[in-house]
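Notes follow the structure.
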Amino acid sequence: MSPNEQLNRTEVRVATMVWQGHTNPEIAAVFGTSEQVIKNHLRNIFDKLGVWSRLELALYVAAHGGISWGAPAGVKNEIEEKVQVISTPAALAQRAGSR
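Each step along the sequence shown adds one to the number in numbering that gives the first Met the number 0, with nothing skipped, and position 74 is 73.
Here you go:
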């Protein structure tokens, strides 16, 4: 069974962002949700794919073709657009100020 058949759309997006090196707070900002919700998604992803850590997940995604590993159409562009928004100098300064 391919990763795309095992994971739902949200889980594919989360797994892809982990593979890209994003932190849980960054992923939560893209989704407009809490860090705990992202942790719950990761726990489900780990269970479905049989991995134990973010590193194993990233290696799994890389081994299955990276960002094109089965993401539904449009997910790549959607992720990239949202990451650009949270990576603007103003957004980065705001996050740095909240620490």
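Just so you know, even glycine gets a beta-carbon here, dropped at the ideal spot from N, CA and C.
Problem set entry | Counted within 10 angstroms of its Cβ, other Cβ atoms place R12 as buried (16 or more) or exposed | The residue you call residue 12 lines up with position 13 of the sequence shown. Buried, since its Cβ has 16 or more Cβ neighbours within 10 Å.
For this session: Reducing DSSP to helix, strand and coil, say where W51 ends up.
Result: To locate residue 51, count along the sequence shown from 1; it is residue 52. Residue state, collapsed to three classes: coil.
Problem set entry | Counted within 10 angstroms of its Cβ, other Cβ atoms place T101 as buried (16 or more) or exposed | No information on residue 101 is available, as it lies outside the stretch 0 to 98 that the chain covers here.
Problem set entry | DSSP-derived helix/strand/coil call for T15 | By one-based count along the sequence shown, residue 15 stands at place 16. Helix, per DSSP.
For this session: Determine contact between the stretch 36-48 and the stretch 16-27, defined as no fewer than three beta-carbon pairs at a distance below 8 Å.
Result: yes
Exercise. Would W51 be called buried (16 or more neighbouring beta carbons within 10 Å of its own) or exposed?
Worked result: Counting from one through the sequence shown, the residue named residue 51 turns up at place 52. The residue in question, W51, is exposed, as its Cβ has fewer than 16 Cβ neighbours within 10 Å.
Problem set entry | Contacts around V60, its chain only, beta-carbon distance under 7 Å, and the 5 residues preceding and following it disregarded | Taking the first residue of the sequence shown as position 1, residue 60 is located at position 61. Around V60: A14, T15, W18, W68.
Problem set entry | Euclidean distance between Cα positions of F30 and D46 | Taking the sequence shown and counting its residues from 1, one reaches residue 30 at position 31. Taking the sequence shown and counting its residues from 1, one reaches residue 46 at position 47. Whole-angstrom Cα-Cα distance: 21 Å.
For this session: To the nearest angstrom, report how far apart E34 and G64 are at their CA atoms.
Result: Start at 1 with the first residue of the sequence shown, and residue 34 comes out as number 35. Start at 1 with the first residue of the sequence shown, and residue 64 comes out as number 65. Approximately 27 Å, taken between the alpha carbons.
For this session: Output the boundary residues of the alpha helix (DSSP H) element that contains N23.
Result: Position 24 of the sequence shown holds residue 23. 23-30 is the extent of the alpha helix (DSSP H) around N23.
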